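Take the numbering used here: the final residue in the sequence shown is number 520, and no numbers are missing along the way. Below is one structure; the comments refer to it alone.
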Amino acid sequence: MPILFSRREMIVGSTAFCSVAGFGALGAVRSARAEPVHLIATTGRARLLGDGRPETPIWGYGGVTPGPVIRATQGDELRVRLENRLNVPTTLHWHGIRLDNAMDGVAHLTQQPVAPGASFDYRFRVPDAGTFWYHPHVHGSAEQVERGLAGALIVDEAAPVDVDRDVVLIVKDWRIDEDGQVHEDSLGNLHDAAHAGRLGNVLTFNGEHFERIEARAGERLRLRFVSAANSRIMRFDIEGHDAWLVALDGQPVNPVLIGGEGVVIAPSQRADLIVDLTGTPGSRAAIREVSDEPFAAAELVYDGEERRALREAPPEPLPGNPVPLPEGTPSQELDLVMTGGAMRPLADAIYRDEELDGRTLALQHGMVWAFNGVAGMPEAPLFVARRGAEVAIRMVNDTMWPHAMHLHGHHFVETARNGGAPQPGLRDTVLLNRNEDVTIAFIADNPGRWMLHCHMLEHQHSGMETWFEVGE
Ligand SMILES: [Cu+2]
49 MPILFSRREM IVGSTAFCSV AGFGALGAVR SARAEPVHLI ATTGRARLLG
99 DGRPETPIWG YGGVTPGPVI RATQGDELRV RLENRLNVPT TLHWHGIRLD
149 NAMDGVAHLT QQPVAPGASF DYRFRVPDAG TFWYHPHVHG SAEQVERGLA
199 GALIVDEAAP VDVDRDVVLI VKDWRIDEDG QVHEDSLGNL HDAAHAGRLG
249 NVLTFNGEHF ERIEARAGER LRLRFVSAAN SRIMRFDIEG HDAWLVALDG
299 QPVNPVLIGG EGVVIAPSQR ADLIVDLTGT PGSRAAIREV SDEPFAAAEL
349 VYDGEERRAL REAPPEPLPG NPVPLPEGTP SQELDLVMTG GAMRPLADAI
399 YRDEELDGRT LALQHGMVWA FNGVAGMPEA PLFVARRGAE VAIRMVNDTM
449 WPHAMHLHGH HFVETARNGG APQPGLRDTV LLNRNEDVTI AFIADNPGRW
499 MLHCHMLEHQ HSGMETWFEV GE
């Protein structure tokens with residue numbers, strides 16, 4: 049895959065081809081109890097490369113990428129009709145929502161895939177306030193997310209949080225060719241799958257080539273980052289501004305100032321930041337991806353209004369969500385050892401109940417990774433939990449690549465990280481770097497069949513997926 053826009057070219061491009069579409073291009077729908085949201089998965093076009101460059105054919109909800117921001121209030125019942133006007137089966141997964149298993153949107157595990165021309169009605173309660181998102185969860189979801197099927201689901205706290213503006217930022221990298229097309233020859237590429245996954249060459253915020261966020265001196269902003277990237281791990285900061293990290297994966301953390309390091313967001317993860325707008329009227333501040341040479345794809349644009357007084361106190365912690373917390377006394381413990389990938393390839397693994405050598409797995413089945421020696425979705429669950437049991441899973445990344453492990457239907461805490469200090473807070477997706485070893489614990493209180501998989505979607509589809517069952 050040739051690099052068509054180098055990082056530097058991307059920087060030049062974003063300056064030279066600034067979008068003039070104006071503010072707030074992102075549509076929003078609020079789901080009142082009585083009113084269902086209608087999402088139509090269909091094709092569309094997006095100006096991912098900016099003005100004066102070719103448009104990109106995409107797949108989106110309502111033909112738009114990202115799809116509408118769905119907003120609800122904590123405790124609401126959400127009703128969403130998915131209508132599939134694509135020519136492939138799809139579903140909707142509500143990432144991070146602790147919902148009824150039948151509504152989790154995992155094809156062949158919790159529902160049949162929604163065929164072209166068919167519809168499916170999702171109906172579930174949202175128990176936690178926070179930043180969540182939705183996307184397809186079928187065997188081809190790497191391609192479907194890559195083509196643009198993703199959107200944010202924001203659940204507001206019952207009492208308003210003290211900020212002046214609440215901004216959703218869906219970040220995503222795309223692999224786009226010179227003609228503005230999604231690079232199709234590399235969809236499903238096994239080389240990518242065995243390495244870091246599909247990494248893009250174009251970065252968008254809310255589907256915009258260069259997103260501008262209205263700002264006013266003295267305001268306090270809540271920025272909700274959502275990663276819809278297939279595989280890229282990103283790190284963000286805001287030029288010249290301090291920010292408090294207040295939530296991860298929708299769950300509150302004690303506010304902590306992020307310094308020059310920025311905040312790391314692996315595929316599917318979310319981070320809520322609160323930022324005091326300390327800049328001067330009329331100024332601008334870039335929101336930068338800083339995992340490598342800093343790259344601006346969005347900015348705060350201060351209007352000319354005179355500065356109002358900044359709040360003196362740091363933000364209060366967000367109110368907690370009703371997630372049951374492990375007590376450090378797991379009644380079920382297991383190991384999940386991750387193997388395979390480039391530079392430490394599988395010698396052999398079980399695939400569909402058959403033991404196969406690494407070469408056969410890769411060339412005949414596209415499998416290059418395994419969990420506990422099993423590649424791909426097994427027939428039998430990884431484990432069965434008693435309802436209410438405290439489960440601890442020690443995940444061992446015995447590969448040369450990072451992985452973002454996502455647990456469905458529950459949020460977990462880290463209880464150990466390579467024997468050292470675990471990271472704080474509840475999460476639904478945890479990043480393990482190469483040779484890292486992280487123990488997570490959670491209360492298995494949600495009955496049904498739930499997936500546990502790498503959210504680098506190319507890794508998932510090439511072996512890194514399994515499931516577990518929680519009893520009634
Ligand atoms: Cu992975």
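Every residue, glycine too, gets a C-beta built ideally from N, C-alpha and C. These numbers come from a predicted model, not from an experiment.
Query: Per-residue burial, glutamine 471 [other beta carbons within 10 Å of its own, 16 or more giving buried]; Result: exposed
Query: Cβ distance (whole Å) where leucine 197 is taken to contact arginine 272 below 8 Å; Result: Incorrect: roughly 19 Å between the Cβ atoms, too far for contact.
Query: Cβ-heavy atom distance, methionine 391 to ligand 1, below 7 Å; Result: no
Query: Methionine 415 beta carbon near ligand 1 (any heavy atom closer than 7 Å); Result: no
Query: Length at least 3, wholly inside the segment 109-177: the beta strand (DSSP E) runs in chain order; Result: 117-121, 125-132, 141-143, 167-173
Query: Inter-residue spacing [alpha-carbon to alpha-carbon] between isoleucine 306 and alanine 418; Result: 35 Å
Query: Outcome for methionine 391 when other beta-carbon atoms lying within 10 angstroms are tallied against a minimum of 16; Result: exposed
Query: Neighbour-count burial assignment, alanine 295, 16 or more Cβ in a 10 Å radius; Result: buried
Query: Boundaries of the beta strand (DSSP E) in which glutamate 513 is found, first to last residue; Result: 513-518
Query: Neighbourhood of arginine 501 by C-beta distance below 8 Å, restricted to the same chain and skipping five residues each side; Result: Reading off the sequence, residue 501 comes out as histidine, not arginine. Taken in chain order, the residues that qualify are Met453, His454, Gln508, Met512, Glu513, Thr514.
Query: Simplified DSSP assignment, three categories, for arginine 407; Result: helix
Query: As assigned by DSSP and simplified to three states, the class of histidine 454; Result: strand
Query: The alpha helix (DSSP H) enclosing glutamate 262, as first and last residue numbers; Result: First-last for glutamate 262: 259-263, but that is the beta strand (DSSP E), not the alpha helix (DSSP H).
Query: Glutamate 256, DSSP secondary structure in three states; Result: strand
Query: Three-pair Cβ contact test at 8 Å for the segment 358-371 versus the segment 275-285; Result: no
Query: Cα-Cα separation, aspartate 401 to threonine 408; Result: 14 Å
Query: Short Cβ contact (8 Å threshold) for glycine 414 with leucine 238; Result: yes
Query: Those runs of the beta strand (DSSP E) which lie wholly inside the segment 323-356 and span at least 3 residues; Result: 332-337, 343-350
Query: Cα-Cα separation, methionine 386 to methionine 425; Result: 14 Å
Query: Aspartate 214: first and last residue of the uninterrupted beta strand (DSSP E) it sits in; Result: 213-222
Query: Touching by the beta-carbon criterion (3+ pairs, under 8 Å), the segment 83-95 and the segment 108-121; Result: yes
Query: Check: methionine 512 C-beta below 7 Å from any heavy atom of ligand 1; Result: yes
Query: DSSP beta-bridge partners of leucine 474; Result: Val461
Query: Pick from Leu474, Glu191, Asp225, Asp227 that is closest to asparagine 302, judged by C-alpha positions; Result: Leu474
Query: Whole-Å CB distance - asparagine 47 paired with arginine 223, under 8 Å assumed; Result: Residue 47 lies beyond the range of the chain shown here (49 to 520); nothing can be said about it.
Query: Member of Gln299, Val311, His459 whose CA lies at the smallest distance from the CA of alanine 291; Result: Val311
Query: Short Cβ contact (8 Å threshold) for valine 193 with leucine 404; Result: no
Query: contact_flag[the segment 485-492, the segment 427-443] where n(CB pairs < 8 Å) is 3 or more; Result: yes
Query: Sequence-distant residues of the same chain with beta carbon closer than 6 Å to arginine 173, five excluded per side; Result: Glu125
Query: Reduced DSSP category for glutamine 229 - H, G, I as helix; E, B as strand; rest coil; Result: coil
Query: N- and C-terminal bounds of the alpha helix (DSSP H) containing glutamate 506; Result: 505-509
Query: Pair within 8 Å by beta-carbon distance, alanine 190 and proline 114; Result: no
Query: Nearest candidate by alpha-carbon position, reference aspartate 320, set Glu267, Val211, Tyr350, Ala263; Result: Val211
Query: As assigned by DSSP and simplified to three states, the class of valine 193; Result: helix
Query: Residue from Arg442, Pro184, Arg213 with nearest C-alpha to leucine 134; Result: Pro184
Query: Alanine 397 burial status per 10 Å Cβ neighbour count (16 or more: buried); Result: buried
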